[in-house]
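Q:
In the working numbering, the protein residues as written are 3 to 286.
1. Looking at residue 176 and residue 62, is the spacing between their C-beta atoms short of 8 Å?
2. Helix, strand or coil: which one does DSSP assign to residue 89?
3. Return the CA-CA distance between residue 111 and residue 95, expressed in angstroms with no decimal places.
4. Whose C-beta lies closer than 8 Å to the C-beta of residue 128 among residues of the same chain, with five residues either side of it excluded?
5. Check whether the segment 104-120 and the segment 238-255 are in contact - that is, three or more C-beta pairs closer than 8 Å.
6. Looking at residue 55 and the ligand SAH, is the gap between the Cβ and the nearest heavy atom below 7 Å?
7. In chain order, what residues of the same chain lie with their CB nearer than 6 Å to the CB of residue 152, ignoring the 5 residues before and after it?
8. Should residue 257 go down as buried or exposed, given a rule of 16 or more other Cβ atoms within 10 Å for buried?
9. If you count every other CB in all the chains shown that lies within 10 Å of the CB of residue 126, and 16 or more means buried, which is it?
10. Could you name the residues that DSSP lists as bridge partners for residue 40?
11. Any idea what DSSP makes of residue 111, helix, strand or coil?
12. If residue 143 and residue 180 are in contact, beta carbons under 8 Å, what's the gap, nearest whole angstrom?
13. Span of the beta strand (DSSP E) holding residue 211?
14. Measure the C-alpha to C-alpha separation of residue 98 and residue 164 and round it to an integer number of angstroms.
15. According to DSSP, simplified to helix, strand and coil, what is residue 177?
16. Check this for me: beta carbons of residue 39 and residue 13, under 8 Å apart or not?
17. Is there a Cβ of chain D sitting closer than 8 Å to that of residue 258, yes or no?
18. Quick one: residues in its chain with C-beta nearer than 6 Å to the C-beta of residue 288, no 5 flanking neighbours on either side, listed in chain order?
19. Does DSSP put residue 145 in a helix, a strand or coil?
20. Can you look up residue 8 in the DSSP assignment and give me helix, strand or coil?
21. Of the choices 122, 166, 161 and 204, whose alpha-carbon is the least far from that of residue 229?
22. Have a look at the DSSP bridge pairing and note the partners of residue 242.
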């Protein structure tokens, strides 16, 4: 595939989610690089270690908070010569929306994003997915182990158990308790770091993507998230994909999902900003 045309957005910042590291983006990063994009996939602050190292010493995971993570990516993005496409998965998709609210990005994509403050839907599968962390208030300041069984329900529900266990071995790390608690109780915190101004008209175009069988962030949650942006005239789009679990970034068939995300972002970023002030209503 050829290089991007001169003047077109050529950089993507990929933000991983909870229970993951930048390794989760390895297929997408390679595919985007082959399309001529400059791909940056930084770890959450302090987590720039291998999956194996973080399992052996999860201390850097326990130190995470939403505010420090967003500040970390804010600094990285502001140091770039031009606004990039910002793409985040799960909690990374939540952080991508906060960064968009700060005026960052040429286009922003949330891939099965964790719920932003204001989303009130909490489906049963979402509660079950978070139970390993939420079952004890003491987990707020810990990195909580994520077992093969946990992974099979939350990420591997469309995979054979053998393939799920293999994916757990390659990608999964303990979950940051503080980050999960901050997200789970965002609606009770008036100063939550998960809040954004849904009425902003001057933010970057935003695409929120959902999976039909996602247990961690069900499609109904992502639809509700997208619906909150109806207050804004900035471009907001919602797309749901059949058969996709929360592990959509690594689940078989990820390639057309990755292509859709990038193609949409490149088209949206190429529009004059005034042309993006025509919000797409989320489809029900």
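Glycine included, C-beta positions come from ideal geometry on N, C-alpha and C.
A: This is what the structure gives:
1. no
2. strand
3. 7 Å
4. 217, 218, 219, 220 and 223
5. yes
6. As for the ligand SAH, it is missing from this structure, which has no ligand bound.
7. 134
8. exposed
9. exposed
10. 13
11. strand
12. 6 Å
13. 208-213
14. 32 Å
15. strand
16. yes
17. No chain D is part of this structure, which consists of one protein chain only.
18. Because the chain is modelled from 3 through 286, residue 288 falls outside the range shown and cannot be assessed.
19. strand
20. In this prediction, residue 8 has a pLDDT of 44, which is less than 50 and means its spatial position is unreliable; what the coordinates show is noted afterwards. Reduced to three states, the DSSP call for residue 8 is coil.
21. 122
22. 212
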